[in-house]
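Following the working numbering, the residues of the sequence shown are numbered contiguously, the last one being 348.
Glycine is no exception: its CB is placed at the ideal position from the N, C-alpha and C atoms.
Note that the structure is a prediction, hence the values are computed from the model and not measured.
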Amino acid sequence: MTHTVESFIDTLRADGVEAGRKAAEEIVEEARRKAQQLVHDAEAEARRIVERAEQERLKAVDRTRTDLELAARDTVDKLHDVLGRAMTQVLTKAVSTKLDDADFLKELIHDVVCKYAEADVVGDGMMEITVAEAMRHRLADWTIKTFHKPGERGRFTVELHAALSMVGFEYKVSDGTVEVTPESVVQVLSEMVTPELRALIASARGDETTGKKGD
């Protein structure tokens, strides 16, 4: 009886130790699996964080590049406007000074009248020339001496009027009126100069773009 009871107790003890060992192994294995999963998840999250950071960096670089390109374009456009206004001011001042010169107007008016006469555009009609009041006083005697010579009948007559509010002159013939004022002359000169100015700025912009590509 004693042997049987002792054997039974020994068996229970042995089974208990074995069961505890198996349970411990299972716990350790589960802990290992969870640790591996945590490491795997942490590595995956780290990769995602790095990828997002790289994407944001690239976006920031693109935004910066775009902002710089827009800023450069705006600067060039503003430069064009500033140069255009400066050019207009310089031309207006120079042209106004020239058109307020009586001797220069005499030559210019004489050339205009002669060209119309040679081309026979006016025929036997009349050319009306309008200037400012002050300029009319300076040109009156010259007009009479040049285009109204005693005993000489021209193909057409030239009349000088004072109704212009600026320097320069206007002349009217049968086919219309032509304005030779600072505004009209500067407009023509600007149309000649502006394309060259635009080409110069475009060339500078192209060189800058090429330099960026080379970088």
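Range of the contiguous beta strand (DSSP E) that encloses residue i
i: HIS294; result: 290 to 295
Counterpart residues of residue i in DSSP-defined beta bridges
i: VAL264; result: ALA295
i: GLU312; result: GLU303
i: MET259; result: THR290
Contacting residues, own chain, Cβ-Cβ under 7 Å from residue i (five flanking each side not counted)
i: VAL255; result: Residue placement at VAL255 is flagged as unreliable, the pLDDT there being 49, under the threshold of 50; a coordinate-derived value is accordingly withheld.
i: ALA332; result: none
i: THR225; result: PRO315 and VAL319
Buried or exposed (CB count within 10 angstroms, at least 16 for buried), residue i
i: ILE242; result: buried
i: VAL223; result: exposed
i: PHE237; result: exposed
i: MET325; result: exposed
i: LEU171; result: exposed
i: VAL264; result: buried
i: LEU191; result: exposed
i: VAL228; result: buried
i: LEU232; result: buried
i: VAL161; result: exposed
i: VAL300; result: buried
Residues near residue i in its chain [Cβ-Cβ closer than 6 Å; skip 5 each side]
i: LYS239; result: TRP275
Next item on the list: Determine, using beta-carbon pairs with one atom in the stretch 268 to 277 and one in the stretch 305 to 314, whether at least three such pairs fall under 8 Å.
Entry: No: the two stretches stay apart, fewer than three of their Cβ pairs being nearer than 8 Å.
Margin query: I want to know whether the stretch 292 to 307 touches the stretch 237 to 250 - three or more CB-CB distances under 8 Å.
Written below: Yes, they touch.
Notebook entry, point to check: For the stretch 291 to 300 against the stretch 257 to 266, are there 3 or more C-beta pairs whose distance is under 8 Å?
Noted result: Touching, yes.
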